[in-house]
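Structure, as C-alpha cells:
Protein chains: 2
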Amino acid sequence: MDSTDRRIPADANAPVQTLHAGRWLSLRQRGRWEYVERNNPGGAVIIVAVTPEDRVLFVEQYRVPIRQFTIEMPAGLIGDVAGQEQEGVLLAAQRELEEETGWRCGRVTFVHAGPSSSGMSTENIAFVRALDLVKVGPGGGDETENIVVHEVPHNEAGAWLFARAAEGYSIDPKLFAGLWFLEHGLGDQAE
Amino acid sequence: MDSTDRRIPADANAPVQTLHAGRWLSLRQRGRWEYVERNNPGGAVIIVAVTPEDRVLFVEQYRVPIRQFTIEMPAGLIGDVAGQEQEGVLLAAQRELEEETGWRCGRVTFVHAGPSSSGMSTENIAFVRALDLVKVGPGGGDETENIVVHEVPHNEAGAWLFARAAEGYSIDPKLFAGLWFLEHGLGDQAE
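Sequences listed follow chains L and D, in order.
According to this note's numbering, the first sequence is numbered sequentially starting from 1.
According to this note's numbering, the second sequence is numbered sequentially starting from 192.
Here it is in C-alpha cells:
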C-alpha cells in the first residue's frame, strides 16, 4: 500500500498521550484523535457455534455500560501470550464456549479478525468457528456471570434475533456477521 | 423482561463517575465497570448501498487509532436532534453517503441498531439501506477526509473483502453484517 502513504494524516505519527489509565481501559490521544484501549491487549473472540442438531448458540446477559440485556454469541477476552496469538484466540474460544454454554468443541478454526470501532477504539475482534460440539455441562459462565443460553435453529436465527430486538434486547450487529460466516461456510474446514 | 431483573448486577445502579472527559470521548466508571462514551450521543450510522449496476459501495481510509487503512461501508456520526432520532439517522445517512461516495440516494430505510462493543462502550451503531442511487459527484469526503471509493459487484463482495484483509487492510467484521442484511433483503422496501 506504498502508493497511498501520502493519504496517512500527519498526526498518525504524533506521540501518544494517555489521558487516563483506568483499571481495564485507557483513554489515549494521538494528534486530533482520541481513542480507548483495553489494558489487556489480546482483544476479544466471538465464537460461531452450531450444535449437532443444527442449532446456533447464543448467550443472554446484562451489560452494565449500556444498561440493557443483550443477546450475543459466546465470546471472551484473549490472554496475551506473545508469539502464540493465533493459539491464544483458539484456546480462549474453547474455554469460553464451554464456560458460557456447557458445550465443548473438538476443533476451532479461525475465520476473521478486525476492529470493532476503528474511529474510537483499538479493540480487535476475532471470529472463530467451533466444530464437533459435545454437551458436557450446564454453562452459565463463571461465578461473576449470570448467562442464559439459547439454542436457535440455524434457519430461524436471523428472524429470532430481530424478534428479540423488538422485545427490547440489545443485539450487536456483529451477530449478523456471524450468521454470514456460517451461511457462507467460513471456518467449516479445519486448516 | 421483568422475570430476569434479579440477573441485573447490583452495580448496574451504582452512580457514574467520569474518569476523564476528553474533547470527543469520555471515560466513565459505574461500579466495577469502565466504559467509553462519545460526547456526541447520537451514535453512528452505516449505510448499505448498492448502485444500479448491482455494485456494493465501500470506502477506504486511514484510521489513526488503529494506524491502518480500513475498508468500510460509508458511515458517519449522527447529530443529536431530540425527538428526531430516526430522522436524524436517515438524514445523516443521506448526507454521508453523498459526501463520501458521490452517490445520492432517493430513499433510506432503517434496518437495525445495536451496540458496537457492549462490554466497553455505549456506542450505538445503526444500519440503514440506501435505495434509488444516482451518481452526482466525485465523493471522497469533506476537506478533512481522504476517502477512496470502491464499487464491488454484489456477488463478489465477500471474497473481495477477504482478499483486501489478506493484503493488510483492516476489515471491520460489521461489514459482513451489512452483506447479511443485503442478502436477506432487509430494508429493501420503504417503510
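The C-beta atom is built at its ideal place from N, Cα and C for all residues, glycine as well.
Grouping DSSP H, G and I as helix and E and B as strand, with all else coil, what is residue i?
i: Ala368 of chain D; result: helix
i: Leu288 of chain D; result: helix
i: Gly187 of chain L; result: coil
i: Asn40 of chain L; result: coil
i: Glu53 of chain L; result: coil
i: Ile362 of chain D; result: strand
i: Asp196 of chain D; result: helix
i: Glu34 of chain L; result: strand
i: His150 of chain L; result: strand
i: Gly158 of chain L; result: helix
i: Asp11 of chain L; result: helix
i: Glu251 of chain D; result: strand
i: Glu314 of chain D; result: coil
i: Gly139 of chain L; result: coil
i: His211 of chain D; result: strand
i: Glu278 of chain D; result: helix
i: Arg28 of chain L; result: strand
i: Arg129 of chain L; result: strand
i: Arg400 of chain D; result: Past the edges of chain D, shown from 192 to 382, lies residue 400 of chain D, and the structure says nothing about it.
i: Leu182 of chain L; result: helix
Can you give the beta carbon distance from residue i to residue j, rounded, assuming they're within the 8 Å contact cut?
i: Val16 of chain L; j: Arg28 of chain L; result: 5 Å
i: Cys296 of chain D; j: Leu324 of chain D; result: 5 Å
i: Ile238 of chain D; j: Ala357 of chain D; result: Their Cβ separation, rounded to whole angstroms, is 25 Å, which puts Ile238 of chain D and Ala357 of chain D out of contact at 8 Å.
i: Val247 of chain D; j: Ala348 of chain D; result: 5 Å
i: Asp333 of chain D; j: Glu290 of chain D; result: 6 Å
i: Arg32 of chain L; j: Asp5 of chain L; result: At roughly 19 Å, the Cβ-Cβ gap does not stay under 8 Å, so Arg32 of chain L and Asp5 of chain L are not in contact.
i: Tyr136 of chain L; j: Leu186 of chain L; result: The sequence as given places Val at residue 136 of chain L; Tyr does not occur at that position. 26 Å between Cβ atoms; not a contact.
i: Gly398 of chain D; j: Ile171 of chain L; result: Nothing can be reported for residue 398 of chain D, as the shown portion of chain D is limited to 192 through 382.
i: Ser116 of chain L; j: Ser308 of chain D; result: 5 Å
i: Ala126 of chain L; j: Val89 of chain L; result: 5 Å
i: Arg164 of chain L; j: Ile71 of chain L; result: 5 Å
i: Glu37 of chain L; j: Leu25 of chain L; result: 7 Å
i: Pro74 of chain L; j: Thr101 of chain L; result: 6 Å
Starting from the beta carbon of residue i, find every residue of chain B whose beta carbon is closer than 9 Å, and list them in chain order.
i: Pro115 of chain L; result: Of the protein chains in the structure, L and D, none is chain B.
So, do the segment 166 to 181 of chain L and the segment 362 to 370 of chain D have three or more beta carbon pairs nearer to each other than 8 Å? Counting Cβ pairs under 8 Å, three or more are found: they touch.
Stretch pair the segment 337 to 351 of chain D + the segment 247 to 255 of chain D: three plus CB contacts closer than 8 Å: At 8 Å Cβ cutoff, the stretches touch.
What residues in the segment 331 to 346 of chain D have a beta carbon less than 7 Å from any beta carbon of chain L? Asn337: these are the residues of the segment 331 to 346 of chain D whose beta carbon lies less than 7 Å from some beta carbon of chain L, given in chain order.
Could you run through the segment 224 to 257 of chain D and flag, in chain order, every residue whose CB is less than 9 Å away from some CB of chain L? Under the 9 Å Cβ criterion, the segment 224 to 257 of chain D contributes Trp224, Glu225, Tyr226, Val227, Glu228, Arg229, Ala235, Ile237, Glu251, Gln252, Tyr253, Arg254, Val255, Pro256 and Ile257.
Closer than 7 Å, Cβ to Cβ, to anything on chain L: give me those residues from the segment 309 to 321 of chain D, in chain order. Close to chain L, meaning a Cβ-Cβ distance shorter than 7 Å, are the following residues of the segment 309 to 321 of chain D: Ser309, Gly310, Met311, Ser312, Thr313, Glu314, Ile316 and Phe318.
Taking 8 Å as the cut-off, does the segment 116 to 123 of chain L touch the segment 35 to 54 of chain L (at least 3 CB pairs, one atom from each stretch)? Touching, yes, given that three or more Cβ pairs across the two stretches are closer than 8 Å.
Please list the residues of the segment 261 to 295 of chain D that have a C-beta atom closer than 8 Å to any C-beta atom in chain L, keeping them in chain order. Flagged, chain order: Thr261 and Glu263.
Taking beta-carbon pairs under 9 Å, can you tell me which members of the segment 171 to 182 of chain L lie near chain D? Contacts with chain D (Cβ-Cβ distance below 9 Å) from the segment 171 to 182 of chain L involve Ile171, Asp172, Pro173, Lys174, Leu175, Phe176, Ala177, Gly178, Leu179, Trp180 and Phe181, listed in chain order.
If you measure beta-carbon to beta-carbon, which residues of the segment 4 to 17 of chain L are closer than 8 Å to chain D? Listed by position, the residues of the segment 4 to 17 of chain L near chain D (Cβ gap below 8 Å) are Thr4, Arg7, Ile8, Pro9, Asp11 and Ala12.
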